[in-house]
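Residue 70 in this note's numbering is what sits at position 70 of the sequence shown, and the numbering runs on without skipping anything.
Built from N, CA and C at the ideal position, the CB exists for glycine as well.
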Amino acid sequence: YSSQEEPYPLSELETALLCFATIGTTGVTTEEIRHLMGHLTVVGRTAGSPCASLTMHLFFTDDHGVFLYRNPDLREVVPEKRVRISS
Numbered sequence: 001y002s003s004q005e006e007p008y009p010l011s012e013l014e015t016a017l018l019c020f021a022t023i024g025t026t027g028v029t030t031e032e033i034r035h036l037m038g039h040l041t042v043v044g045r046t047a048g049s050p051c052a053s054l055t056m057h058l059f060f061t062d063d064h065g066v067f068l069y070r071n072p073d074l075r076e077v078v079p080e081k082r083v084r085i086s087s
């Protein structure tokens with residue numbers, strides 16, 4: 001396929017949406033009732049990671065350079081609040 005249209009760069013919003021779709025956070029995995037007993041809960045991601053390490057980062061490039069995209073850190077959310085967020 002050869003387009004007859006001129007190429008144009010993605011907008012900042014389009015870039016952000018693609019980054020999120022690649023390694024974004026989908027929610028908290030509460031693993032049934034383990035969170036009520038103070039056990040570890042895991043944040044869900046849009047993509048799997050090796051050995052379920054959940055330490056994935058994304059490098060992407062555009063006309064302005066090479067960038068590192070990291071998900072926001074959700075560790076500060078305490079288990080009691082996680083239950084409310086995921087409900």
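task: Just grab the DSSP bridge partners of Tyr69 for me.
output: As a working note, residue 69 is residue 69 in the sequence shown. For Tyr69, which the question treats as bridged, DSSP gives the partners Leu58.
query: With C-beta atoms as the reference, is Ala47 less than 8 Å away from Thr25?
result: For the purposes of this step, residue 47 is identified with residue 47 of the sequence shown, where counting begins at 1. For the purposes of this step, residue 25 is identified with residue 25 of the sequence shown, where counting begins at 1. No, these two residues do not count as a Cβ contact at 8 Å.
message: Can you find the residues in the same chain that come closer than 8 Å, C-beta to C-beta, to Phe20, ignoring five residues on each side of it along the sequence?
response: Against the sequence shown, residue 20 aligns to sequence position 20. Sequence-distant partners of Phe20 (beyond 5 residues in either direction) whose C-beta falls short of 8 Å from its own C-beta, in its chain, are Thr46.
task: Kindly identify the DSSP beta-bridge partner or partners of Gly44.
output: Translated into positions along the sequence shown, residue 44 becomes position 44. The bridge partners DSSP lists for Gly44 are Gly27.
message: So, with DSSP's three-state summary, where would you put Pro50?
response: Counted from its first residue, the sequence shown places residue 50 at position 50. Three-state result, Pro50: helix.
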